[in-house]
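Residue numbers (UniProt numbering): 1 to 698.
In this text, a Cβ means the ideal position worked out from N, Cα and C, and glycines have one as well.
Here the structure is laid out as structure tokens; the discussion comes afterwards.
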């Protein structure tokens, strides 16, 4: 009997998940069938046989089994001398005794029963959704391997990046199929034709975003317009952002910030090269470029939005704040791109499996403190009338909003959410693309050599690259396009949600279904891209010459398409192309290792390189080196006497790296001595024979 109550009280998986019952996990079913059920059945059967025989011989009713036999055989007198139910109302002390016993000694396994009931509720909810979904015929095929409750979540959380895992499913199920992310169906598309249908014919139907814990906490409860639902608030903020920060006119006005930060980036790299110990005979130094690109892009966006910047050479407090901002933003994109159990199964969110939501809240608090201080600084300046020079984005937002509420959010919340949105999205996307571009170039020396040749021909070595040069650097543009094709910044795009029933590729898609656009799979489709996994920028100069990345050519949509396309596309492209061209023009780059650059990807909303990008750099732009104000006082002035005083020991033979007009290292000009002799002899002879002056004197 104890065993009976034991098995009635424990949480058996077969009871909670009926379709797992046949597995008999733990062997409980087998034990109950073969041991306790059979034994109890034999004992009780023997009792009944004894009472039947006694009844046949005319014995009196004495116990419950006798009474049960009487009921079964239709006797009216069921229990002679028994108690009536009404008698129990008068036995108050007996009732009190039972209550006290239950108070002091609770029913066994109550927690197990509660846990079982909780799980059954979840399973019932899951089954009800599944059964409702099954009622709709003509739905896309669903990938196999879904788990109960969690759906396909476990398949997306392994060591394989989600876009690659979903790409493998597409090979099996086709360019359109569904998965279940917890309790939510999600449509996965990896075809340019179907993508076009989504973002043109059905763009209004798929214009929303699903709810996520990361956006709720870090995005100020969806005030961050890039992740918020469609509606008047979303349209108004997007319009403000476009006019005040991302319009062609505004980008031209803010051009000096981009140029200034790229120049500072190159100067700081050169300073690092000139002060560190040279490595080997190549006279280069190893730098971790991912961090350098991150610092530069953060400063561009922070200056545009807040009017301030973080200097690499700044004091420790400023460095710490810069790193805090960067780390917090990376955490945001990391969690926004993960498939979290709490997002997929809302009724499990309170458990915070993995502790992700706790970490998200911590990140949100840190970012709010930083961005809140930026906004307060601007408000104090505005109150004092101290606003000087050009307005940054926060200034513009303060003027436009002027304390008003919009969409249920107060002005400060809107300002913080929108400013953070612009800094986060812009800085991360640019850094990610530059990192992959350099990684690909180092692993493809032929492409790198052709890029350097283009820079030599179009720019030369006597000046630096300008933004106006980019239109002529067609191979550099092709490199950027090919990088975005192979490594889109957000390989699964931003998650969307259908706001109404619609038809996609002939299939019925229900309202509430989520959309996952596998850009990586779409952009490596061999039907559109011969040798899809090869890095071949020249394809954009020949077969794919007319294909751009602006969202109208659906075989290449790294910035998305339709109403939810990235509004910062123009800024992102300008920054990536200009920075890449300037960097390759200024430095020779080499892989410091004998093994290829590691191309491991990390998980998150953006596809960051999973390992550091260590590159051996050596300056190429001699004009810039020879004009470095940290080495040469009054660098633009012609002062030969400096080589008789402060720079007396500096020569031009390639060993003093602040002056190397003939180069240095293995590629140093072999005719350096002949050239020097000819210049000295010719100049001395000419000045000795002739008196010279400018033509203005005559």
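Classify residue i as buried or exposed, calling it buried when 16 or more other Cβ atoms lie within 10 Å of its own Cβ.
| i | result |
| --- | --- |
| residue 577 | buried |
| residue 397 | buried |
| residue 42 | exposed |
| residue 365 | exposed |
| residue 415 | buried |
| residue 685 | exposed |
| residue 418 | buried |
| residue 47 | exposed |
| residue 135 | Bear in mind that the predicted position of residue 135 carries a pLDDT of just 44, short of 50, making it unreliable; the figure below should be weighed with that in mind. Residue 135 should be labelled exposed. |
| residue 521 | buried |
| residue 363 | buried |
| residue 692 | exposed |
Under a three-way DSSP split, which group does residue i fall into?
| i | result |
| --- | --- |
| residue 463 | coil |
| residue 690 | coil |
| residue 609 | strand |
| residue 487 | coil |
| residue 733 | Since the first residue of the chain shown is 1 and the last is 698, residue 733 is not available in this structure. |
| residue 180 | strand |
| residue 515 | strand |
| residue 507 | strand |
| residue 151 | strand |
| residue 496 | strand |
| residue 534 | coil |
| residue 342 | helix |
| residue 162 | helix |
| residue 232 | helix |
| residue 707 | The structure shown does not extend to residue 707, since the chain spans only 1 to 698, so no value can be given for it. |
| residue 268 | helix |
| residue 439 | helix |
| residue 587 | strand |
| residue 331 | helix |
| residue 619 | strand |
| residue 684 | helix |
| residue 470 | helix |
| residue 670 | coil |
| residue 185 | strand |
| residue 208 | strand |
| residue 250 | helix |
| residue 355 | helix |
Can you grab the Cα-Cα spacing for the pair residue i / residue j, in whole Å?
| i | j | result |
| --- | --- | --- |
| residue 85 | residue 350 | Low confidence applies here, because residue 85 scores a pLDDT of 45, under 50, leaving its location unreliable; read the following figure in that light. Taking the straight line joining both Cα atoms gives about 45 Å. |
| residue 651 | residue 644 | 11 Å |
| residue 486 | residue 534 | 9 Å |
| residue 465 | residue 264 | 14 Å |
| residue 627 | residue 309 | 24 Å |
| residue 679 | residue 673 | 10 Å |
| residue 436 | residue 302 | 23 Å |
| residue 322 | residue 492 | 28 Å |
| residue 138 | residue 513 | 15 Å |
| residue 676 | residue 662 | 10 Å |
| residue 639 | residue 461 | 23 Å |
| residue 592 | residue 504 | 49 Å |
| residue 336 | residue 162 | 13 Å |
| residue 189 | residue 595 | 36 Å |
| residue 226 | residue 588 | 38 Å |
| residue 550 | residue 235 | 20 Å |
| residue 274 | residue 655 | 12 Å |
| residue 586 | residue 554 | 35 Å |
| residue 205 | residue 230 | 10 Å |
Is residue i near the ligand MN, in the sense that its beta carbon is under 7 Å from a heavy atom of that ligand?
| i | result |
| --- | --- |
| residue 556 | Of ligands this structure carries none, so the ligand MN is not represented either. |
Tell whether a beta-carbon distance below 8 Å holds between residue i and residue j.
| i | j | result |
| --- | --- | --- |
| residue 434 | residue 441 | no |
| residue 218 | residue 332 | yes |
| residue 481 | residue 540 | yes |
| residue 192 | residue 528 | yes |
| residue 246 | residue 571 | yes |
| residue 181 | residue 404 | no |
| residue 537 | residue 479 | yes |
| residue 590 | residue 438 | no |
Evaluate contact between the segment 501-518 and the segment 437-457, counting only Cβ atoms and requiring at least three cross-stretch pairs below 8 Å.
-> no
Three or more C-beta pairs below 8 Å linking the segment 418-436 and the segment 282-298 = yes
Counting pairs of beta carbons, one from the segment 533-552 and one from the segment 172-183, are three or more of them closer than 8 Å?
-> no
The segment 192-212 contacting the segment 552-564, beta-carbon criterion three pairs below 8 Å = yes
Stretch pair the segment 495-514 + the segment 610-620: three plus CB contacts closer than 8 Å = no
Specify whether the segment 587-600 and the segment 240-253 touch according to this definition: at least 3 beta carbon pairs, one from each stretch, less than 8 Å apart.
-> no
Determine contact between the segment 210-228 and the segment 352-368, defined as no fewer than three beta-carbon pairs at a distance below 8 Å.
-> yes
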